[in-house]
Structure formats: structure tokens, C-alpha cells
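Engineer: Before I ask anything, let me first share the structure, which is written out below as C-alpha cells.
Numbering (the numbering used here), first residue to last: 67 to 579.
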């Protein structure tokens, strides 16, 4: 009897262990090479790497920012505002005197106001006097930042057109402006989210293009090649080693093996705030996964000293957006660079709109009508490439697609321009009514009557991702469950067999009499 029980117990243990082993092995086999598309229920939304700013406390890029400058969806003061501000600044400056350090920010304001009213030469003269006063008082370093930045900007704006036409004196003054902007970057590299760095780089490119116009047919102002076909840009499978284009993130960021998770695990934590300055040290490594653009093949031969290697796409985009909003406004070189960059990070709709805006500004691309026509032709070709690409994704052609996109663009741009016109008309009327532009509630009535002009953030800023860590955790849980189930099935097998045998015997024996 004892031996019989031991035999049954041994069989029970053996079958239970066998069931557990088979189930565990089967579960491990099914998950060991599991790819993300097999686990949609494990997906999580994580921040994009470009949501982490370049510097702690700095500004981070969103695609809506590019859309808003293209469509003029931002507040922009009109001439009457600057006329009034200049009167106030001039009165303060007269009281203080130009040698008083307290007057120097006032001189910056006055010079900026003069420049906005297209009085660049006066702005340059004022900044030269400020620089002389600061040098007299032995001011150095970051204390000269605004002087260098403003003086350089005003020199570039004042002489750009003549320099592009080949005027020797204008070229000299333009070069002087670039040098001052470079100095501003040296003394304060993190100011204005690196705007001055890109101002200098773009100015260098335009100066080179004035001496070699073929550059305007080869590159945009960031070094993106204009002859790179869209098919190569968007083919992520073919270009991921050499270019890595087609998405805002590098191929390594989305690989299931989870490289990004191990490099910057905090980015994948729940409720992470990528632009929180207190988290920046833990998150800054995420920026290595931002798609780099610019400085493509042949750029090394262009006499540009500001940058020679591709850079994370958000850095020049923030610089261009800042110059568009706070500087000279809409510019065909900026619009073209936005278009080429947005193509390289997979934002085709934004790119199409950027090409449309660049085409509308083509007369300012170059004094040469042939180069203006080149820009028009290039933009139309790029738009056609985008439309074909979108139709391929949709599985069919839309004969009205170009007209629909054009109509949507025109309506959106008109909305932004009308909003800005209303904004400027409102501030003009308020000034005429005797209100000071410094009043905290100066725009209160306007804001109450108009919706916010900035575009909302969309799904283009969401990265839905199945992490390797989540797959591994799920596989462990699934394997444990399978092991327990297998052990249970193995253990219950003898009982089921015993019950089946007993039932069979009863059937064979027949009913009792």
C-alpha cells in the first residue's frame, strides 16, 4: 500500500513538473523574439526627445510653433506701437544720459523700435554709441551681449539687400554685423535658445551665396540639399544608417531592444515633465535621439564657420522661429529651411505649407529673377512629391488634393494675417485714446473678444511606444502564469485518468442487480 501511494505521488510530481516545464518553455519561446506590434495593449505615450530643451530651463520645440510662424499666428506689434514706445524711450534716455548704465537697456529698446520702423541706420548709430560708452567703462563679457546681438542684427538688416546685390561697402558692413552676432554667442551662448548662433550661420550662408549664386540651387540656409529626392528622405528602411530621416527621432529611439530606455530611463516614467529644469540633468541624454539635419554632402565646401556637422533639427528651427517672430518677419530662406527640415522629420503637411509660403515670398529669395523662378519650381516640385507620397499611403489618388491643400493654406494664412491686423488696429486705437502701452491691462478687451491665436499641440507630439522593458515584464508574468497552469494541468492529469478508468470499469461491469 505504501509503495502504491509513493508511486502515485511520484507520478503526480513528475507530471506536474513536466506540465510546468512544457508550459514555461512554450511561453518563453513565444515571447523571446516578441516585437512591439504583438503587444499593442502594452503601448504607452512618451515624450519626444525634442521636448527636452538644449539647456536647463530653456525653450523646447513643438511642431505647432513652425505652423504658427508660417501662418502668422502670433501677436505682432504695428508701427504705432513702436512710435509710442520710441517716444517713451527717448524721453527716458534724455533724462538718464547715455553714459548711465541704467540707460543702456533703454537704448536697446529705442534701437529695436527704430529698426522695426525701418530706420536701421539710426539704430546702428545708437548701438555704436552704447558700445563706446560700455567700453569706456570697461564692461566685458555677458554685459556686452545685448549690444553685440542688437548691433550685429541691425547691421545685417540694414545692408542685406545691397550686400546680396554685390555692393562692396554693404558686404563689409554685413560681415561686420555677422562678427558682432558671433561675439554675442561667445559671451552668452544660451541666450534666446541659441537664436544668434543660427542668425550668424544663415547670414554667413547668404553672404557666400551672394558670391556664388549656385549655392541657392544646391542648399537651403541650413545645408539641407535641395536635390535630395523625397523618396530617399522618407524611406526609413533604406536610409536609417546613412541619413536616419523620416521621423523626428533617430532609428535607435524606437527600436524594440530598448536602447533609449537604458540611456535615459526617466523619459519613460509616468508623468515625466521633459521641460522641467529640475529634471534636465536626468533627461538631457534623450537629445541624442533627435533626428539631425543639415550640413549634408558638399556643405564642407561652403565657407561657413558656424557649423560643419548635422545638428538636432529642433535647434535651428527654434532659431528661425525666433528670428521670424522677433526679427524681420517672413522670409523665403526661413520658409524653405522649415520645409526641407520638416520633410526630413516626416512632417509632410507642415512641409507642404512651408513650400507654399516660400513660393509666395520668392521675389525676396534673390535679386536674380532666374533664382526666384528656381525657388518657385523647387517648391512646386516638392509639393507634388508630397502629394504623391500621401496618395500612396492612402492607397489612391485624390484629383482635388492640390486645390484642397491650397485653399486650406490660404484660409489659414488669411486668418493669421487678419488677426494680426486686428491686433495692431486695436493697439493703435488704444494709444489714440490716451492709454499707455505699459498698462498691464492694455490688451484686456482685445483678449476678451478674440480666441488665443497659437495653434494647439496635436498628435504629432505623441510617441506611442511599446518598451522592451514592458514586454519583458509581461513575458515574465505570462511565463509564471503558464508555469502554474502547466503544473496544475500536469497534476490533475492522473486524477482525470483515474476517474476515466473508474467510469470505464463501471460501464463495462454493467448495472448492479
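In this text, a Cβ means the ideal position worked out from N, Cα and C, and glycines have one as well. Here the structure is a predicted model, which means the values were calculated and not measured.
Check for me: the alpha helix (DSSP H) holding residue 489 runs from which residue to which?
Structural biologist: 467-498
Engineer: Report the residue from 367, 285, 152, 517 whose alpha carbon sits nearest the alpha carbon of residue 35.
Structural biologist: This structure cannot settle anything about residue 35, because the visible part of the chain is limited to 67 through 579.
Engineer: Taking the beta carbon of residue 212 as the centre, do at least 16 other beta carbons fall within 10 Å, making it buried, or is it exposed?
Structural biologist: buried
Engineer: Starting from residue 250, trace the alpha helix (DSSP H) both ways and give me its first and last residue.
Structural biologist: Counting along the chain, the alpha helix (DSSP H) containing residue 250 begins and ends at 234-253.
Engineer: Strictly by DSSP, which residues pair up with residue 378?
Structural biologist: 358
Engineer: Hey, does residue 267 have any beta-carbon neighbour from chain D nearer than 9 Å?
Structural biologist: Here chain D cannot be found, since the structure has a single protein chain.
Engineer: Could you check the C-alpha separation between residue 237 and residue 113 for me, to the nearest Å?
Structural biologist: 44 Å
Engineer: When we look at the beta-carbon of residue 181 and count the other beta-carbons within 10 Å, is it buried (16 or more) or exposed?
Structural biologist: buried
Engineer: Going along the chain, which residues of its own chain have a beta-carbon closer than 7 Å to the beta-carbon of residue 37, five neighbours each way excluded?
Structural biologist: The structure shown does not extend to residue 37, since the chain is modelled only from 67 to 579, so the question has no answer here.
Engineer: Residue 263 to residue 392, Cα distance in whole Å?
Structural biologist: 15 Å
Engineer: Which of helix, strand or coil does DSSP assign to residue 514?
Structural biologist: helix
Engineer: Tell me the rounded alpha-carbon separation between residue 245 and residue 337.
Structural biologist: 44 Å
Engineer: Alpha carbon to alpha carbon, how far is residue 418 from residue 452?
Structural biologist: 7 Å
Engineer: Tell me whether residue 285 sits in a helix, a strand or coil according to DSSP, three-state version.
Structural biologist: DSSP places residue 285 in the strand class (E or B) of the three-state scheme.
Engineer: If you drop the 5 nearest sequence neighbours on each side, which residues of the same chain put their C-beta closer than 6 Å to that of residue 402?
Structural biologist: Excluding positions up to five away in sequence, the list reads 286, 424.
Engineer: Provide the residue(s) that pair with residue 530 in DSSP beta bridges, ordered along the chain.
Structural biologist: Beta-bridge pairing by DSSP links residue 530 to 111.
Engineer: Taking DSSP as the reference, what is the three-state secondary structure of residue 291?
Structural biologist: Residue 291: strand per DSSP, three-state reduction.
Engineer: Which stretch, first to last residue, makes up the alpha helix (DSSP H) that contains residue 346?
Structural biologist: In the DSSP assignment, residue 346 falls within the unbroken alpha helix (DSSP H) covering 346-349.
Engineer: Output the residue ranges of the alpha helix (DSSP H) runs that lie fully inside the stretch 172-218 and measure 4 residues or longer, sorted by chain position.
Structural biologist: Uninterrupted alpha helix (DSSP H) stretches at least 4 residues long and entirely within the stretch 172-218 occur at 186-202, given in chain order.
Engineer: Can you look up residue 552 in the DSSP assignment and give me helix, strand or coil?
Structural biologist: Because residue 552 carries a pLDDT of 49, less than 50, the predicted location of this residue cannot be relied on, and the following value inherits that uncertainty. In the structure shown, residue 552 sits in a helix (DSSP, three-state: H, G or I).
Engineer: According to DSSP, is residue 431 part of a helix, a strand, or is it coil?
Structural biologist: Here residue 431 sits in coil by DSSP.
Engineer: Tell me whether residue 269 sits in a helix, a strand or coil according to DSSP, three-state version.
Structural biologist: helix
Engineer: Out of 495, 523, 528, which one is the CA nearest neighbour of residue 512?
Structural biologist: 495
Engineer: Alpha carbon to alpha carbon, how far is residue 177 from residue 132?
Structural biologist: 28 Å
Engineer: With burial defined as no fewer than 16 other Cβ atoms inside 10 Å of the residue's Cβ, what is the status of residue 413: buried or exposed?
Structural biologist: buried
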